[in-house]
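Inspection log for the structure reproduced underneath, given as structure tokens.
Residue numbers (the numbering used here), protein chains in the order written: chain U, 7 to 115; chain C, 7 to 115.
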């Protein structure tokens with residue numbers, strides 16, 4: 007078996023982590039379920055950890071990626087802002103381009 | 007200030023780390039100084055840590071990257087094998103190609 011080229015890509019804002027694979031997974035699950043609590047449960051993550059991650063994302067961001075919705079049947083929820091949806095799409099495009107590039111690299115024995 | 011795309015590249019062999027920036031720096035310093043002890047000192051690294059890193063490199067490698075030389079004036083030393091020199095060159099080519107690619111990526115606000 008040969009050598010494997012490994013890589014990791016993430017986004018920072020002023021030396022703070024903004025987006026990485028874990029944050030994107032959480033944001034997409036929030037988008038799907040409309041609730042941070044449900045998203046945390048689905049990802050087997052504590053609510054506190056999920057909340058801290060979302061806080062850290064929005065702290066590093068130029069605009070909020072999530073919005074908290076209150077009231078209604080079943081209490082409050084969380085949704086993505088249009089900016090959040092755009093950031094996810096941009097991250098996924100970067101990941102796809104990087105994967106295409108890295109898959110072309112090899113490291114010979 | 008905008009967002010920054012960050013990345014890390016390394017080489018694995020059968021799920022073990024083979025080469026990364028730190029290991030390459032150590033190997034190049036060994037090559038330059040002809041001694042693991044001197045290389046460790048120059049990099050402010052304990053001899054044990056340097057030795058463990060070299061052992062880990064050679065453990066993951068298909069062929070040894072270093073060779074221990076004995077005797078002579080000043081005692082034993084360490085040099086790179088032709089295979090080791092080729093691995094460093096290959097790693098640096100990969101890093102350069104990756105840097106060129108990643109520098110073309112951007113992440114808009």
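Where is the CB? At the ideal position from N, CA and C, for every residue including glycine.
Under 8 angstroms Cβ-Cβ, which residues of chain U neighbour residue 100 of chain C? Close partners of residue 100 of chain C in chain U (Cβ separation under 8 angstroms): 11, 111, 113.
Counting only beta-carbon separations shorter than 8 angstroms, does residue 34 of chain C have a partner in chain U? For residue 34 of chain C, the closest Cβ of chain U is not nearer than 8 angstroms.
Given this structure, state the Cα-to-Cα distance separating residue 92 of chain U from residue 103 of chain C, to the nearest angstrom. In this model, residue 92 of chain U and residue 103 of chain C are separated by some 28 angstroms (Cα to Cα).
Quick one: residues in its chain with C-beta nearer than 6 angstroms to the C-beta of residue 39 of chain C, no 5 flanking neighbours on either side, listed in chain order? Cβ neighbours of residue 39 of chain C beyond the five flanking positions: 45.
Between residue 63 of chain C and chain U, is the shortest Cβ-Cβ distance under 8 angstroms, so that the two count as touching? Taking Cβ atoms only, chain U never reaches closer than 8 angstroms to residue 63 of chain C, which makes this a no.
With a threshold of 16 other CB atoms inside 10 Å of the CB of residue 95 of chain C, please say whether the residue is buried or exposed. Classification for residue 95 of chain C: exposed.
What three-state label does DSSP hand residue 84 of chain U in the structure shown? The answer is strand: DSSP assigns residue 84 of chain U an E or B state.
Closest Cα partner of residue 11 of chain U within the set C:111, C:110, C:115, C:99: For the residues C:111, C:110, C:115, C:99, the minimum Cα distance to residue 11 of chain U belongs to C:99.
Under 8 angstroms by Cβ, that's how I've got residue 49 of chain U and residue 90 of chain U pegged, so tell me the actual separation to the nearest angstrom. The Cβ separation is near 17 angstroms, so there is no contact.
Quick one: give me the first and last residue of the beta strand (DSSP E) that residue 12 of chain C is part of. Segment 9-19, the beta strand (DSSP E) holding residue 12 of chain C.
Whole angstroms are fine: how far does the CA of residue 27 of chain U sit from the CA of residue 47 of chain U? Answer to the nearest angstrom: the Cα atoms are 18 angstroms apart.
Suppose only complete runs of 3+ residues qualify. What are the beta strand (DSSP E) ranges in the segment 29-86 of chain U, listed by chain order? Counting whole runs of 3 or more residues, the segment 29-86 of chain U contains the beta strand (DSSP E) stretches 72-75, 83-86.
Under 8 angstroms, do residue 68 of chain C and residue 112 of chain U count as touching if we go by C-beta distance? For residue 68 of chain C and residue 112 of chain U, no; Cβs fall outside 8 angstroms.
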